[in-house]
Every structure is written in structure tokens, then in C-alpha cells.
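Residue numbers (mature numbering (1 follows the signal peptide of the UniProt record, and there is no 0)): -19 to -1, 1 to 82. What follows is a set of notes on a single structure, which appears directly below.
And the structure:
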């Protein structure tokens, strides 16, 4: 029985060690545009991951996917908005427009 518990504990630790957290950083660039880059805490990129820009009224302003370099550039919307990096359940990051400098 103790061997079974030890194996279960080892499996739990190994799953935690391989976990990676989603990351998304957005910044203003020239000509009123915003560049967002997504990835994971293990250093891997996120090409093809959904990145949407949503107004505070919950309307989607820009629907996008990260490119081969894990970035997406879009025109900065007027008004209040946030960016949603969605790599699946448990891997969602939101960046508010006030945090984009």
C-alpha cells in the first residue's frame, strides 16, 4: 500500500514540475497600434493561440490568433478594452488597456 501512495505522490510532483503558466505582454507601438506577445513560463511560444480584444461592453472588437512569432499587432481601439490570451482551460490571461504602455 505504501508503494502505491509513493507512486501517486511521485506522479503528482512530476505533473506539477511540467506545468507551465500562460504569459501575455502588450505594448503600444508606432501609429496607434498595439503589439501583444504570448507564450508560456517554460519559454515556449504560442503560435496559433487565440488573442481577442474585447470592449468593456463585452463586444469583441478584434478577433485574432498569434502569428508564427507568437505576436499579434492591431490598431488600438478607442475607449476601454482588454486583451484575452486564451490557450485553453486554465491558460487564460487578460491584459487591461490601462496596463498597455
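Glycine included, C-beta positions come from ideal geometry on N, C-alpha and C.
For residue 16, the uninterrupted beta strand (DSSP E) segment begins and ends at 14 to 21.
A Cβ-Cβ contact shorter than 8 angstroms links residue 55 with residue 14. Nearest to residue 80 by alpha-carbon distance, out of 25, 9, 36 and 22, is 9. Beyond the five residues adjoining it in sequence on each side, residue 77 comes within less than 6 angstroms, by CB distance, of 63 in the same chain, given in chain order. Between the alpha carbons of residue 67 and residue 73 lies a gap of roughly 5 angstroms.
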